[in-house]
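With the working numbering applied, the sequence shown closes on residue 508, and no number is skipped along the way.
To start, the structure itself, in structure tokens.
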Amino acid sequence: MRPLYSLSLLETRNLLASGEVSPSRVVEACLERIARTEPSIGAILTLCAEEAGAAARRLEAAGPPDPERQPLWGVPLSVKDLLCTRGIRTTCASRFLENFVPPYDAFVVDRLKKAGAILLAKTNMDEFAMGSSTEFSAFQVTRNPWNTQRVPGGSSGGSAASVAAMQTYGSLGSDTGGSIRLPAGLCGVVGLKPTYGRVSRYGAVAYASSFDQIGPLARNVDDCALLFSVIAGYDPRDATSAQLPAPALERPEEGADLSGVVLGLPAEYWRGGLSAEVEQACCKAVGTAADLGAEIREISLPHLPYGLAAYYILASAEASSNLARFDGLRYGRRGGSPSDLKDTYTVSRTQGFGPEVKRRILLGAYTLSAGYYDAYYTKASQVRRLIRDDFSTALESCDALLAPACPVTAWEIGALLDDPLTTYKMDILTVCLNLAGLPGLSLPVGLGSESRLPVGLQIMGRAFDEPRVLRLGRILEAALPAIGSPADVNSKQRGSGSESELKRARAV
Ligand code: GLN
1 MRPLYSLSLL ETRNLLASGE VSPSRVVEAC LERIARTEPS IGAILTLCAE EAGAAARRLE
61 AAGPPDPERQ PLWGVPLSVK DLLCTRGIRT TCASRFLENF VPPYDAFVVD RLKKAGAILL
121 AKTNMDEFAM GSSTEFSAFQ VTRNPWNTQR VPGGSSGGSA ASVAAMQTYG SLGSDTGGSI
181 RLPAGLCGVV GLKPTYGRVS RYGAVAYASS FDQIGPLARN VDDCALLFSV IAGYDPRDAT
241 SAQLPAPALE RPEEGADLSG VVLGLPAEYW RGGLSAEVEQ ACCKAVGTAA DLGAEIREIS
301 LPHLPYGLAA YYILASAEAS SNLARFDGLR YGRRGGSPSD LKDTYTVSRT QGFGPEVKRR
361 ILLGAYTLSA GYYDAYYTKA SQVRRLIRDD FSTALESCDA LLAPACPVTA WEIGALLDDP
421 LTTYKMDILT VCLNLAGLPG LSLPVGLGSE SRLPVGLQIM GRAFDEPRVL RLGRILEAAL
481 PAIGSPADVN SKQRGSGSES ELKRARAV
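Take a look at the structure:
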């Protein structure tokens, strides 16, 4: 039999439900795997070994699972460290919240627990979810399990790496401008950014509130769909939560194809700027979709080229406002020996925030200031509306849109640290979906021919149409050759330098 840690979430769930393995044994298997892989990956900020063991024993004592109410009975999972977890510290990978222990669970964490899941780890991230490589964590660097010299993507890089390294069976991340889809793509796992409003943000530390969405990362589409079905739904404690019934997710029937499905390729996403290997792997997947009977239609989203600028203006503006609460008095740690009130703010914020967060706060405060507000914030809001309209028009005639998740495969750790603009450009293919509030799935479609690193394809759908997005993903996944899993993370690493790819990205 395959080792327990290497099974999918569903396979493990089924073994647990039938009593063939116990929750304690599965937790043990994950802990052993973590002990072996974590020294070279660094995906985890807080390991909840004791709590997980106790939760496993509680489940065992309470008797066999109720399959309807507890579809995740006994399954160990990790969550990004911006989701509040009762009694377990929640840092947002920031010095400011280094010792913050929330007294309550985020809505999604509560849902996971009620479904029988076991919280095993809080995962690393870019500080306050600002970044695309997880290098902006105040605590540690996370490495890509496919090549430990490379970044895992971000900001949910710890979640993606922990799933790719098979430390846990799935994870929750957050996606404000691509932070689920991008790391999922770079680590070769499946990630879903739900429609804005589909999943409650209650208990998720805010970055940019009109963009943030919580979603699952998992080893395959079925696992991802199961996690999504558990966390989706109305929550009165989030004013933007959609009052819609939980979506019905049906697994496609055996041998289902894509006939009758219209898939749009937005020219702006495919035109230039992609590395040759990313373009090649994604085009191959589009070819597979066509072979399965889908009609492939080239379309245009004319305002897409303005999306990145609009996103970084609006997200930074919201961040500067959201992060104002971290003042050293009400929230977070107080900086050392301030002389008066103003100094308390200054010292606490200077010491508590890292460089990327400070950059966003400055940028946001600038674009919101009198005299600049109309030129930047108002203009960017107008662009946002145009982009949303572009997507609506395209999705009237297409069932879904396809684009790569990232212009390149995982880059070298440190390569872009002093180049924020190129780092921002890595989000060029993901941010527009957040501007429009629509759902998107990142699906691994192959390994780059040069780097031998994973390439992700995004399937973007209509608002609240996650069932279709997941269905398309599942059918495509079944037809594509599996990318396999990273070689044992301690063994020799693959991949040559992709300097040429980075040069290309800088030129976008
Ligand atoms: N990389 C983007 C940013 O830094 C997106 C981050 C996210 O989705 N949380 O804003």
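Every residue, glycine too, gets a C-beta built ideally from N, C-alpha and C.
Within 7 Å, strictly: CB atoms of residue i and residue j
i    : j    : result
G173 : I180 : yes
G328 : T350 : no
S449 : E277 : yes
L120 : C30  : yes
G335 : V347 : yes
G414 : E127 : no
S94  : A138 : yes
S200 : D235 : yes
G177 : V431 : yes
S209 : E356 : no
A380 : A463 : no
C282 : G203 : no
S132 : L182 : yes
S316 : G364 : yes
T148 : A161 : no
T288 : A478 : no
F96  : G352 : yes
L433 : M460 : yes
I387 : G264 : no
K114 : L45  : no
I475 : A256 : yes
Under the three-state DSSP convention, the category residue i falls into
i    : result
L244 : coil
V189 : coil
Q70  : coil
D291 : helix
N124 : coil
L329 : coil
Y39  : According to the sequence as given, residue 39 is Pro; it is not Tyr. Helix, per DSSP.
G513 : With the chain running from 1 to 508 in the structure shown, residue 513 is simply not present.
R297 : strand
L4   : helix
L249 : coil
A403 : strand
E60  : helix
R150 : strand
T85  : strand
N144 : strand
D545 : In the structure displayed, the chain extends from 1 to 508; residue 545 sits before or after that span and is not available.
Q167 : coil
V408 : coil
P454 : strand
A487 : coil
Residue i burial status per 10 Å Cβ neighbour count (16 or more: buried)
i    : result
L384 : Checking the displayed sequence, the identity of residue 384 turns out to be Arg instead of Leu. It counts as buried.
T168 : buried
A520 : Here the chain covers residues 1 to 508 and nothing more, so residue 520 does not appear.
M130 : buried
P245 : exposed
L314 : buried
P152 : buried
E268 : buried
Y376 : buried
K342 : exposed
R514 : What the structure shows of the chain is the stretch from 1 to 508, and residue 514 is not part of that stretch, so it cannot be assessed.
L421 : exposed
L155 : This sequence places Ser at residue 155; Leu is not what is there. Under this definition S155 is a buried residue.
Q243 : exposed
S397 : exposed
S159 : buried
E135 : buried
R360 : buried
Assumed close pair residue i, residue j - CB separation to whole angstroms, cut-off 8 Å
i    : j    : result
V262 : D399 : 5 Å
L470 : V221 : 6 Å
V163 : R219 : 6 Å
V230 : L72  : 6 Å
V109 : T12  : Not really, about 20 Å apart at Cβ, beyond 8 Å.
I483 : L447 : 6 Å
S24  : E50  : Actually they are not in contact, since the Cβ atoms of S24 and E50 sit about 13 Å apart, beyond 8 Å.
D43  : A165 : Note that residue 43 is Ala in the sequence shown here, rather than Asp. A43 to A165, Cβ: 7 Å. Contact.
G456 : V445 : 7 Å
E16  : V26  : It should be pointed out that residue 16 corresponds to Leu in this sequence rather than to Glu. Confirmed, Cβ separation roughly 6 Å.
P232 : P194 : Residue identity differs from the one stated: residue 232 is Ala in this sequence, not Pro. Correct: roughly 7 Å between the Cβ atoms.
N124 : G87  : That pair is no contact at about 20 Å.
C92  : P145 : So it is not a contact: roughly 23 Å between Cβ atoms.
* **Any 3 or more C-beta pairs closer than 8 Å across the region 465-484 and the region 241-251** => The region 465-484 vs the region 241-251: in contact.
* Asked: Are the region 393-412 and the region 290-305 touching, with three or more C-beta to C-beta distances below 8 Å?
  -> Yes, since at least three Cβ pairs between the region 393-412 and the region 290-305 fall closer than 8 Å, the two stretches touch.
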